[in-house]
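Below is one structure, written out as structure tokens; comments come after it.
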Amino acid sequence: MMAADLEIISLNPINEFAAMTKGAVTPDFKALYLFRSALLNTLLFAFSGTALGVAGGTVLAFFFHRTPVRLVCSFVRSIHEIFWAFLFLPMIGLNAICGVLAIAIPYAGIFAKVYAEILQETNPRPLDGLPPNSSKLSRFFYGVMPQIYPEIRHYTSYRFECALRSSAVLGFIGLPTLGYHLETAFREGLYSQASVLLYAFFLLIASLRFWLKEKLVPVYVLISLAFISKELNFSMTNMIQFLTWDILPWPMRREGFLDGTNQLAFPVSQLWIWFKTIFQEEVLPGCWNTLVLTQIALALTGLLTLLSFPSRTRSLAGPVVRRFSDWILIVWRTTPEYILAYVFLQLWGPSMLPAVVAISFHNGAILAHITSGQANLIPMQIDAAKGRINRYFYYVLPRVYSSFLAFLFYRWEVMMRESAILGVLGIFTLGFYIDSAFSENKMDKALLLILFTALLNMIIDSISQRIRSKIKVSTKLVAVGGAA
Amino acid sequence: MFHLKNVTIAYSGQPVLQEINLQIKRGEKIALIGPSGSGKTTLLRRLYEMEPQHSALVHQHHALVDALSVFHNIYSGRLDQRSTFTNILNLVKPQKEEVTTISNLLKQLGMAEKIFEKTAALSGGQRQRVAVARALYRQGSVLLGDEPVSSIDPHQAETVLNLLRNSFQTVILSLHTVHLSLESFGRIVGLRNGRILFDLPGNEVQNSHLTRLYQT
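Line order of the protein sequences matches chains A and B. Okay, so the first sequence: first residue is 320 according to this note's numbering, each after it adds one. Okay, so the second sequence: first residue is 56 according to this note's numbering, each after it adds one.
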């Protein structure tokens, strides 16, 4: 905690809060008409991104036992959607394709991993009953697919909800989704517009189960892909320029740039200085701040979960309290961390505090939902202790604690990704340095920083996997629980 | 048709079948009997591996896909005889002629009304009848059945056994109980501790044979 900068720096947080509250109770419904295309784009990006991610992830899942595939998947999912969008911006411009790819690529890595884990847990016995010479596809569709389908569907629909959040947040960096108008509204203090956008987003997510019908999904996906493909205009020159020039370390390009020949050089000592400077001045402090933020958020998430899950647990709270806390948890977990952090940043000014609160409240709400779900499965015994505190500590908590820990460590990597990205909002985590590098058009530096961010994430991911396998909670639980 | 000469099979050093000598001719109806752990399942699997293309196997554990309907589980018996496209087509929408064939089979087994029910919802006896139906649907010259009527109630078990015996040219079944009329099998093979204790025509098996087979 000592290492973190948690000061409140704002001109007048109380006035700002009053203005926001006023905006929250006076949503400007007329403005919704202006935002219709942003709402539609949010949906289109999410559908196309998820669909392409599922397609890629499905193929990769079948080769997931190969180490290179596993590493590639781990790498692509360790880079946040916003960083992917940053990378695609200079290549394909600020358009739908950029947004869709920014979702599809990391999601393919995630789907590959989860699908492969689900595949691994199938019961081999039914395959035994199939005729020996059946084609591979027939065996898969009759012996494997029916077993895994419910879980695949469950996880994919949960991921679609995540994609809606990603899609909305991508607007903050300029893509034409909901986040774009949200950012504008906040920046200009139009809180009635901001609130109507957030309410529309909540409504979109809350209404999913009414319109996201299994049979209609292919129709939605086809329509989305059709819309997106209209923007398919690649500039080969931009791409080549980016890949063979922009991302190369500056010392390699300087000579050729200055004399106008665009020749590449390879000055080893200057390259080393280039690397050392970035590493010492940006990578190290960025990693340190990201880690500090993540660890504080992790601890606070755990605490918040343990404090809040009883209010949604049948043996510990009455029906009115449960209903009420359910609603609060839904709001916290439906709002993307990025938007939460943005709002708190407006209130409290730039410090780690908004990020800590945003990450831990969002993740705490998810974990409280899952943990109370588990606690509600515990059969209530007649002879259980009468006092609620006794019941909590001696009856409920010991039974859910190991799965709570497993979920917490499962979110660790997610929190890390979020901590890094929130730097874009001005906290000195890795995202801050990456964002600055992009805005100064220093692609080489940005790429180096992104690579280190990915590396840090992959390390955390493998540590968390090791811890979770020690706690021994199957991935099945995570996939189901994740569908909060 | 099957020719086993001095076959020994061991799992992790533990012999399951020892020096088995067995000749099975086309058209024979054989019952394998013996206490549990005597090697019946291993022997049946060994025979299946010798002729997988022409055999239908009823698994001891039924090997059904719980998430699929009764229809699809039975249909899966002929996956190798249909194109992948037809298989997927039937998965999405069961085709009329297949439905007719399979519902006729189910009628004989007394569960025609269950055709489109999820297998997970069935009782143990019903699941076993689905496994039997799959073998009947698969057809072939040999039926290998690993205790195919163990969870079916006795008066129905006799009907199912007859159905199986009459639908295949060569039939080799293991049976968990000897009360089922052994006389109707041409040949009885008694297994104990992985060895063949006796191999006799059905009408020559005496009570003394059975006592020796099952003694503790």
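C-beta: ideal position from N, C-alpha, C; glycine also.
- Setting aside the 5 residues that flank it on each side, A:V640 is surrounded in the same chain by S630, each with a C-beta closer than 6 Å to its C-beta; the list follows chain order.
- The C-beta of A:P469 has fewer than 16 other C-beta atoms within 10 Å across all chains shown, which makes the residue exposed.
- For the stretch 424-458 of chain A, the residues whose beta carbon sits under 9 Å from a beta carbon of chain B are, in order, N442, R444, P445, L446, D447, G448, L449, P450, P451, N452, S453, S454, K455, L456, S457 and R458.
- Out of B:V215, B:V197, B:V71 and B:H109, the CA that lies nearest to the CA of B:I85 is found in B:V197.
- Taking the CA atoms as reference points, A:V395 sits about 6 Å from A:G428.
- Nearest C-alpha to A:L603 among A:K549, A:N709, A:S758 and A:I769: A:I769.
- Not a single C-beta of chain B is nearer than 9 Å to the C-beta of A:Y352.
- Listed by position along chain B, the residues whose Cβ is nearer than 9 Å to that of A:Y461 are V120, L123, H127, N128, Y130, S131, L134, N142 and L146.
- In the DSSP annotation of this structure, the continuous segment of the beta strand (DSSP E) that includes B:G200 starts and ends at V197 to D201.
- In this structure, the alpha-carbon of B:I64 lies about 5 Å from that of B:L72.
- Taking 4 residues as the minimum length, the alpha helix (DSSP H) runs contained wholly in the stretch 146-215 of chain B are 151-163 and 179-193, in order along the chain.
- Under a 10 Å Cβ-count criterion, A:A660 is classified as buried, with 16 or more other Cβ atoms of the shown protein chains found around its own Cβ.
- When only Cα atoms are considered, A:S691 and A:F628 end up about 5 Å apart.
- Residue burial annotation: B:D208 is exposed, with fewer than 16 other C-beta atoms found within 10 angstroms of its C-beta.
- Secondary structure remark: continuous alpha helix (DSSP H) runs of at least 4 residues inside the stretch 535-563 of chain A, in chain order: 536-548 and 555-560.
- At least 9 Å separates the beta-carbon of B:L219 from that of B:L99.
- If you ignore the 5 residues before and after A:I566, its C-beta comes within less than 7 Å of the C-beta of M762, D763 and L766, all in its own chain and listed in chain order.
- Non-local beta-carbon contacts of A:I467 in its own chain, meaning distances under 7 Å to residues more than five positions away in sequence, involve I437, L438 and T441 in chain order.
- Per the C-alpha coordinates, the member of B:V120, B:I129 and B:K95 positioned closest to B:L230 is B:K95.
- Residues of the stretch 181-194 of chain B with a Cβ closer than 9 Å to any Cβ of chain A, in chain order: A186, R189 and R193.
- Below the 7 Å Cβ cutoff, chain B contributes V120, A122 and L123 as neighbours of A:P465, in chain order.
- In this model, A:R642 and A:S485 are separated by some 28 Å (Cα to Cα).
- DSSP, reduced to helix, strand and coil, places A:P669 outside both helices and strands of the structure shown, so it counts as coil.
- Among the residues of chain A, none has a CB under 7 Å from the CB of B:H109; the nearest is roughly 11 Å distant.
- B:L228 has a beta carbon lying at 9 Å or more from every beta carbon in chain A.
- Remark: C-beta atoms of A:Y426 and A:V388 do not approach each other more closely than 9 Å.
- In the structure shown, A:T654 falls within a coil segment according to DSSP collapsed to helix, strand and coil.
- Restricting attention to alpha helix (DSSP H) runs no shorter than 4 residues, the stretch 575-607 of chain A encloses them at 587-597, ordered along the chain.
- With its beta carbon at least 9 Å from every one in chain B, A:P495 lies outside the interface.
- At a cut-off of 9 Å between beta carbons, A:P537 makes no contact with chain B.
- Between A:G448 and A:T609, the CB-CB gap reaches or exceeds 9 Å.
- Against B:T139, the close residues of chain A are S453, S454, K455, L456, S457 and F460, in the order they occur along the chain (beta-carbon pairs closer than 9 Å).
- In the DSSP secondary-structure assignment, B:I64 is bridged to B:L72.
- Neighbours of A:Y468 across chain B, judged by C-beta separation under 8 Å: A122.
- Here B:K84 is bridged, per DSSP, to B:V226.
- Using a Cβ-Cβ cut-off of 7 Å, B:H264 is close to nothing in chain A; its nearest Cβ partner there is about 33 Å away.
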